[in-house]
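Working notes for the structure below.
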Amino acid sequence: MDILRNLNKAQKMAVETIEGPLLILAGAGSGKTKVLVSKAAYLLQEKIVKPGNILAITFTNKAANEMRERMEKMTGISSRNMWIGTFHSICVRILRRESEHCAFDSNFVIYDDHDQQVLIKKCLQELGFDDKKYNARAVSANISKAKNLLLTPYMYLTEASNEWEENIGKIYELYQKRLANNNAVDFDDLIMCTVKLFEQNPQVLQIYQNRFQYILVDEYQDTNTSQYTFINLLAASKKNICAVGDPDQSIYGWRGADIKNILSFEKDYENCRVIKLEQNYRSTKNILSASNSVIANNIQRKEKDLWTEAEDGELIHYHELPDDRSEAAFVVETIELLRRMHGYEYKNFAIIYRTHTQSRVLEDALVKYKLPYKIFGGQRFYERKEIKDTLAYLRLLINPTDEIALARIINEPKRSIGASTWQKLETSARAKDISVYNALDDEATLDTLTPSARKNVLGFYNMMEELKNKVNKISMAELLNELWQVTGYKKALEENDPIAGEARLENLMEFVAAAVDFENTAKLAEVSDEEDALANEATLENFLAQISLATDMDNWEDNQNFVSLLTMHATKGLEFPVVFMTGLEEKIFPHSRSLLDETEMEEERRLCYVAMTRAEKLLYMTRAKSRNIYGNYQSMQESRFIKEIPETYLDAHCIDFAPIRSRYEYKNLDKTNHLFTGRAKPNYQGNTNVQLINIGDKVQHAKFGVGVVVQVQGKGDDIQLNIAFPGQGIKVLMQKYAPLKKV
DNA sequence: ATACCATTGTTTTTT
DNA sequence: ACAATGGTAT
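In my numbering, the protein residues as written are 1307 to 2049.
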């Protein structure tokens, strides 16, 4: 019995307990993933459970992919029919199949954060609310909170106790209506709609209850009310639910996660078994002891005893630096030192921080030192303008009622369909109660436009109609190329901005690659999968859904060699030989917004615990005495979390200003012929105009065209160029700012 | 209709 | 410091 061989006693018991409710309290680094994978494998191989009867829910796509891969490797059984995914992806799948019971069609689109804000702003306008008092961000946070608690607009309005809440309720109500008009849902809807679907259609719920005989839930401590309800509905009949989590790692309270869900699991399920995994296989004794000391300061907590057989290891390295730039330089120099002297590789390092903004200084330092790195944060690739534009086109093709998408691209590239024309279209569409897209070829609507606008609008409409006919008939790559061609998008990129356009075109190519990849994977699945063909089909709808739910954490590739930069939240579930925790300062970490609230402070402390326990061998903690915030320097106090680590585990250093400072001031690095020459190629794409330009060179400028350099002044970062552009005279340009390219 | 400038808010964390 | 917005000039 291979599956059980490499497990300790508690782990083995957790795997073998398969009937009835089971709670696994898994401390950091206790082999949680291993247990989950083994359990799924055990069910399939030893208990002959069909893959289709297992539902495994993880917190991230990355965790889902990892589970899938490891399980297939362990058993050799295809996991294709097994439902593994995040709450969101599982719910999309269910909603697509059951859309007949819902307020939308099966080709619904998923609005991201940005689309959501745009729509809320429109609602605010429509209702005549002051968008200063009701800013879109705050409103969407409130709506999200309501949805996480499964409150419909009606319920919210009923419970509203003041004017603000009443108005939020009204906005919420209209927002839902507009979403329905656009055949769109937001992230929170995915879960809430599925729960409502189950509650209102017992016969549908029953189908899924019968199907999912075994349910595994990862990171149970981070479930919110709607997710909790979703799980409970599904598990209600068979009660074969296995929840895995660690209350000490609950860090998503701000997103509605309720730590009570895991704490009351035993009350929720009678005859529940509880298994604790307390042996840590990840970190050294010192790292573990230090982490345990910090988390012990939380009052609201179940005692837990995490231990390890590992050696003591080095003490926690704590360094105080004069400012944020020296902090960054220190981190980068230390990485390079460890790499050269102690045989670490770039991929062994993680630099982590509390907020994304902190990454900028660190990135600067990495660029200067020429280290390869990758920043993980949000959905950067899919948020690029050219990608979002393309997505808007695609969304419109499958769902013409999507007005947010239409508004985005109707005049992108420029087709002389401006704000006033849009206004007329929208007014007319509202009056006739049709979508704006349908108004585009409505005679009465067109009559309200100027002749030239009419021509442009019709041209756009016909173009889109022709593209629409090709959807799901030609390959994704063909469709994309055709789209960029006929819409003139590619041409506009090339012409308007030859320099930046090139990078954008590369992104578009990367997008094609992603599409082709999706198509291939999905086609593979179609062949082998009778049961679930619909959900895996290589359709544009499914491709878009996958993208909406994708993050750049998903494509984490272990074989690539770079330093990882990420937020503390994003590190959950990951581990690194060497971890740098930066910005250990009051107001940064713990964050200023949590200083006054004891509950929030405890969540910050759990976050600290999560971050510290990511480290296997070495843990560095750093802080700056002074930090650039909102553009000017502020003096910072040491984080309380440092004070909570007993001195016996700490090796503290304070690096003051001169003369040591120069060592950590990377500005002068080249001149002093420092020990680091940097061999690796950075994957930094930003400032690529570090090119040698001399008098007489021909250069291409984004706006002025081709010119000849007639004079070069200054040096280093401040090179000033005088360039003669035929017919436009001599322009004086700063090389670092000017969009220039040598020709 | 567009391009440019001034002003504003924005910074927690994410599917 | 920066991005996003809104207003004004072309």
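Cβ atoms here follow ideal geometry from the backbone N, Cα and C, with glycine treated the same way.
As assigned by DSSP and simplified to three states, the class of residue i
i     : result
R1701 : helix
S1543 : coil
I1565 : coil
E1891 : strand
T1392 : strand
F1504 : helix
I1324 : coil
R1933 : strand
L1612 : coil
C1429 : helix
Q1585 : strand
C1548 : strand
A1844 : coil
N1938 : strand
Q1791 : helix
E1689 : helix
Q1351 : helix
Y1659 : strand
Y1520 : strand
A1369 : helix
N1802 : helix
Cross-strand partners of residue i (DSSP beta bridge)
i     : result
Y1926 : H1623 and F1886
S1450 : Paired residue(s): none; S1450 is not in a bridge.
C1960 : E1626
K1680 : S1870
N1530 : A1563
D1492 : Y1417
T1727 : Bridge partners of T1727: none, in fact.
K1949 : Bridge partners of K1949: none, in fact.
Residue i vs residue j beta-carbon contact at 8 Å
i     : j     : result
F1849 : A1876 : no
V1398 : R1701 : no
P1911 : F1947 : For the sequence presented, residue 1911 should be read as Arg rather than Pro. Contact flag set, yes.
R1517 : N1387 : no
I1568 : Q1533 : no
I1601 : D1554 : yes
C1548 : I1330 : yes
G1335 : N1654 : no
P1626 : K1315 : It should be noted that the sequence gives Glu, not Pro, for residue 1626. Contact: no.
H1338 : A1347 : Inspection of the sequence shows that residue 1338 is occupied by Lys rather than by His. In this structure, A1347 does not lie closer than 8 Å to K1338 by Cβ.
Y1481 : D1528 : no
C-alpha distance - residue i paired with residue j, whole-angstrom precision
i     : j     : result
I1780 : K1774 : 11 Å
D1858 : E1771 : 33 Å
P1678 : D1670 : 12 Å
M1380 : A1798 : 51 Å
V1580 : T1500 : 29 Å
L1425 : I1474 : 14 Å
K1730 : T1754 : 7 Å
S1854 : Y1417 : 8 Å
E1465 : D1574 : 26 Å
E1372 : T1364 : 10 Å
V1763 : V1638 : 54 Å
E1891 : V1792 : 54 Å
A1362 : Q1317 : 18 Å
K1438 : Q1431 : 11 Å
L1349 : E1572 : 23 Å
L1752 : L1697 : 27 Å
Q1519 : K1544 : 6 Å
G1992 : V1673 : Confidence in G1992 is poor, its pLDDT being 29 and thus under 50, which makes the residue's placement unreliable; the coordinate value appears in the next sentence. Going from the Cα of G1992 to the Cα of V1673 covers about 10 Å.
N1487 : A1409 : 10 Å
Y1478 : V1445 : 8 Å
Residue environment, residue i, which counts as buried when at least 16 other CB atoms sit within 10 Å
i     : result
N1826 : exposed
R1402 : buried
R1311 : exposed
P1927 : The question names Pro, but residue 1927 in the sequence shown is Met. Flag for M1927 reads buried.
I1605 : exposed
V1321 : buried
V1667 : buried
V1996 : The predicted position of V1996 is uncertain, since its pLDDT is 38 and thus under 50; no value can be drawn from it.
T1535 : buried
I2029 : buried
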